[in-house]
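Undergrad: Chains A and B supply the protein sequences, listed in that same order.
For the first sequence, this note's numbering assigns the number -5 to the initial residue and increments by one for each residue that follows.
For the second sequence, this note's numbering assigns the number 195 to the initial residue and increments by one for each residue that follows.
Just so you know, even glycine gets a beta-carbon here, dropped at the ideal spot from N, CA and C.
Since this is a predicted model, take the numbers as computed values, not measurements.
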Amino acid sequence: EPEVTQTPSHQVTQMGQEVILRCVPISNHLYFYWYRQILGQKVEFLVSFYNNEISEKSEIFDDQFSVERPDGSNFTLKIRSTKLEDSAMYFCASGGVTGESKNIQYFGAGTRLSVL
Amino acid sequence: AQKVTQAQTEISVVEKEDVTLDCVYETRDTTYYLFWYKQPPSGELVFLIRRNSFDEQNEISGRYSWNFQKSTSSFNFTITASQVVDSAVYFCALTLYNQGGKLIFGQGTELSVKP
């Protein structure tokens, strides 16, 4: 069964460093998303991406964040200068456009980001 | 603005008990989708069900059933004869009907099923 894959599963970084979180969405999906979940809290939307551009972003997604689909298969989230409060689980999701999977978002296993 | 509320933070039951997880949503839009996702201790988010606002028919899948009532803006989830493997955090979520819209999640309900 197709799935969303995320790497790495755990990233440890020093405050102020740049990190790139990587995702490979399901191959025939056209909508891509990043969400984050601070430990013990709910899942929060960061950004959605369609047709090679951001379609929506939340207040959390400030200038420190950027997304890219560099090669038609990967979808990346970059945090330019990490802060302690960026420590969270980051989930990538992709959404289908037709058939049974239309409007359903399928999630990867997440990347746990720890900022020290 | 849309909002999803899961008032039950934690529920603990003994195996084989039935349990219902509550979800109440708010939206001014008339067309939307509702979802349930499961987050087991391993951390991933697993899609369970999607329901659109046009279809108030209840759904049953094995031991799982969902009760959607527009009149009370609720989309409750019942697990019959719970098992230890059902232990997880369960999230209810809402998205508007437009293609590609973001998911708005509730706070989640942590279900613990004890043997």
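Tell me whether residue 97 of chain A is buried or exposed, calling it buried when 16 or more other Cβ atoms sit within 10 Å of its Cβ.
TA: Buried, since its Cβ has 16 or more Cβ neighbours within 10 Å.
Undergrad: Leaving out the 5 sequence neighbours to the left and right, which residues in its chain are closer than 7 angstroms to residue 67 of chain A when beta-carbon positions are compared?
TA: The residues are 18.
Undergrad: Take residue 284 of chain B as the anchor and find which of B:264, B:262, B:266, B:216 has the nearest alpha-carbon.
TA: Comparing Cα positions, the closest option is B:216.
Undergrad: Closest Cβ-Cβ distance between residue 245 of chain B and chain A: below 8 angstroms?
TA: Taking Cβ atoms only, chain A never reaches closer than 8 angstroms to residue 245 of chain B, which makes this a no.
Undergrad: From what residue to what residue does the beta strand (DSSP E) around residue 254 of chain B run?
TA: Where residue 254 of chain B is concerned, the enclosing beta strand (DSSP E) stretches over 253 to 255.
Undergrad: What is the rounded straight-line gap between the Cα of residue 57 of chain A and the Cα of residue 0 of chain A?
TA: Rounded to the nearest angstrom, the two C-alpha atoms are 23 angstroms apart.
Undergrad: Considering only residues of the same chain and omitting the five flanking positions on each side of residue 297 of chain B, which have a CB-CB separation below 8 angstroms?
TA: 229, 287, 288, 289.
Undergrad: Output yes or no for whether 8 angstroms exceeds the beta carbon distance between residue 269 of chain B and residue 226 of chain B.
TA: No. Outside cutoff.
Undergrad: Using 8 angstroms for Cβ pairs, my map puts residue 182 of chain B next to residue 277 of chain B. What's the rounded Cβ distance?
TA: One cannot answer for residue 182 of chain B here, as it falls past the ends of chain B, which runs 195 to 309.
Undergrad: Could you give the uninterrupted runs of the beta strand (DSSP E) lying entirely in the region 55 to 109 of chain A, keeping only those of 3 residues or more?
TA: Within the region 55 to 109 of chain A, the complete beta strand (DSSP E) runs of at least 3 residues are 59 to 62, 69 to 73, 82 to 89, 99 to 101, 105 to 109.
Undergrad: State yes or no: is the C-beta of residue 241 of chain B within less than 8 angstroms of the C-beta of residue 100 of chain A?
TA: In this structure, residue 100 of chain A lies closer than 8 angstroms to residue 241 of chain B by Cβ.
Undergrad: Could I get the ranges of all uninterrupted beta strand (DSSP E) runs contained in the region 204 to 233 of chain B, with 3 residues as the minimum, in chain order?
TA: The region 204 to 233 of chain B contains these whole beta strand (DSSP E) runs: 204 to 208, 213 to 215, 218 to 220, 226 to 233.
Undergrad: Within the same chain, show all residues whose beta-carbon is closer than 6 angstroms to that of residue 4 of chain A, passing over the 5 residues directly before and after it, in chain order.
TA: These residues qualify, in order along the chain: 106.
Undergrad: Helix, strand or coil for residue 308 of chain B? Go by DSSP, reduced to three states.
TA: It is a strand residue.
Undergrad: Closer than 9 angstroms between beta carbons: that is the criterion. Which residues of the region 214 to 245 of chain B meet it against chain A?
TA: Within the region 214 to 245 of chain B, the qualifying residues are 227, 229, 231, 233, 236, 237, 238, 239, 240, 241, 244.
Undergrad: Note the first and the last residue of the continuous beta strand (DSSP E) segment covering residue 44 of chain A.
TA: It spans 38 to 44 - the beta strand (DSSP E) in which residue 44 of chain A sits, taken as one unbroken run.
Undergrad: Mind checking if residue 202 of chain B is an interface residue toward chain A, Cβ cutoff 8 angstroms exclusive?
TA: Cβ-Cβ to chain A under 8 angstroms: no for residue 202 of chain B.
Undergrad: Where do the N-terminal and C-terminal ends of the beta strand (DSSP E) with residue 269 of chain B fall, by residue?
TA: Per DSSP, residue 269 of chain B belongs to the beta strand (DSSP E) from 268 to 273.
Undergrad: Spell out whether any CB of chain B is found under 8 angstroms from the CB atom of residue 49 of chain A.
TA: Yes, residue 49 of chain A counts as interfacial toward chain B.
Undergrad: For residue 231 of chain B, which option in B:222, B:282, B:291, B:203 has the closest C-alpha, if you only look at C-alpha atoms?
TA: Comparing Cα positions, the closest option is B:282.
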